[in-house]
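These notes are about the structure you will find just below.
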Amino acid sequence: MLARQAAHSMSSWTAANLARRTDIAIRMP
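Positions 0 to 28 (numbering that gives the first Met the number 0) are the ones given, in order, by the sequence shown.
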């Protein structure tokens with residue numbers, strides 16, 4: 000159960016980080 004929560008947390012963080020990087024890349028000329 001703890002492992003699943005940790006995996007979900009990491010997945011969520013990765014998705015958020017990826018979206019942030021993509022947003023920055025799109026804003027860059």
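We treat Cβ as the ideally placed atom computed from N, Cα and C, and that holds for glycine.
Identify the continuous alpha helix (DSSP H) that holds residue i and give its terminal residues.
i            : result
methionine 9 : 1-26
Whose C-beta lies closer than 7 Å to the C-beta of residue i among residues of the same chain, with five residues either side of it excluded?
i             : result
isoleucine 23 : none
alanine 6     : none
Please work out which residues of its chain come closer than 8 Å, Cβ to Cβ, to residue i, disregarding the five sequence neighbours upstream and downstream, and give them in chain order.
i             : result
methionine 27 : none
Could you name the residues of the same chain whose beta carbon sits closer than 6 Å to that of residue i, not counting the 5 residues immediately before and after it, in chain order?
i         : result
serine 11 : none
Any heavy atom of the ligand GTP inside 7 Å of the beta-carbon of residue i?
i         : result
serine 10 : The ligand GTP is not part of the structure shown, which contains no ligands of any sort.
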